[in-house]
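With this note's numbering, letter number 203 in the sequence shown gets 193, and the count goes up by one each step, no holes.
Yeah, the Cβ is synthetic: ideal placement off N, Cα and C, and Gly gets one too.
Reading through the structure tokens given below for one structure.
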Amino acid sequence: TMLPVELTLVVAATRDMGIGRAGTLPWTGLKKEMAYFARVTKRLPADAQPPAMNAVIMGRKTWDSIPVKFRPLKGRLNIVISRSHPENTAADLDVEKEPVKVGSLAQALEYLKTHTPAGTGAAATKAFVIGGAQIYGASLALPEARRVLLTRVMDDFDCDTFFPLRLPSEEGEGKWAQRSKEELDAWTGETVTEGVQEENGTRYEFQMWERVD
Ligand code: NDP
-9 TMLPVELTLV
1 VAATRDMGIG
11 RAGTLPWTGL
21 KKEMAYFARV
31 TKRLPADAQP
41 PAMNAVIMGR
51 KTWDSIPVKF
61 RPLKGRLNIV
71 ISRSHPENTA
81 ADLDVEKEPV
91 KVGSLAQALE
101 YLKTHTPAGT
111 GAAATKAFVI
121 GGAQIYGASL
131 ALPEARRVLL
141 TRVMDDFDCD
151 TFFPLRLPSE
161 EGEGKWAQRS
171 KEELDAWTGE
181 TVTEGVQEEN
191 GTRYEFQMWE
201 RVD
């Protein structure tokens, strides 16, 4: 059976939705923020067991922005989208060493639907879209995009790349609602630090938004 894939976008953005500058993040030194990202994207839902893994889907430029020694991102199925990728991913791919390479977001979803980890069921793992702006934009156009885990950065940074949805959303962007701290904890499976955090002189807050139909 084909199970639907639900997409959760994970992003850290300033109040005017700035997410990047010159191919990298606008800020540095948000170690606890990056640790939150790693935990949340790795943690399996309660009904899934290893060797099942959650998936992280990203654009080629975001892949390039990750230092070589940190990629593929550990403990997650990495899927990278590029127009120069082949039509079929190698069947003997070692996912610990290489990303799954696909030519479109549609192919990424197709891959998730057809490569069910043995005995787990595709719906048992989570699929995250981790950037950048181009791939967030493509995702938000799909009904599968249900949720945004937003790290709202409260300080201003000079950015050249922006998340293509304002939160709170405006007319014509679809309806998105912020969920409570309890709902964020339940969805992530951890007790998320509440309120405004500060690291390295930068203030931020962990939020969850969901599409309201
Ligand atoms: P992306 O990471 O979205 O990658 C863009 C690339 O993806 C394109 O060049 C192309 O690869 C491929 N691609 C895009 N659309 C398609 C399509 N329809 N079909 C096939 N391939 C496609 O790049 P952005 O420039 O938008 O974002 C990168 C920036 O975002 C960086 O500054 C990064 O640091 C930042 N970022 C910030 C995050 C945050 O949470 N703050 C998270 C992630 C990234 P190709 O050219 O190879 O064909």
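- If the five residues before and after ALA128 are omitted, its C-beta is found closer than 6 angstroms to the C-beta atoms of LEU95, all from its own chain and listed in chain order.
- Just so you know, the alpha carbons of PRO89 and PRO57 end up roughly 14 angstroms apart.
- In its chain, beyond the 5 residues on either side, LYS51, ASP54 and SER55 have a beta carbon closer than 8 angstroms to the beta carbon of GLY13.
- Between the ligand NDP and ARG66, a heavy atom-to-CB distance of less than 7 angstroms is absent.
- If you draw a straight line from the Cα of LYS116 to the Cα of ARG66, it comes to about 10 angstroms.
- In the structure shown, LYS21 adopts helical secondary structure according to DSSP, grouped into three states.
- The three-state reading of DSSP puts ARG193 in strand, counting E and B together.
- For THR52, there is no enclosing beta strand (DSSP E); the enclosing alpha helix (DSSP H) has its first and last residue at 50 to 55.
- For the options ALA2, VAL(-5) and PRO(-6), the alpha carbon positioned closest to that of TRP199 is the one of ALA2.
- A residue is called buried once 16 or more other Cβ atoms fall within 10 Å of its Cβ, and LYS91 is buried on that count.
- Taking a C-beta distance under 8 angstroms as the contact criterion, ARG201 and LYS171 do not qualify as a contact pair.
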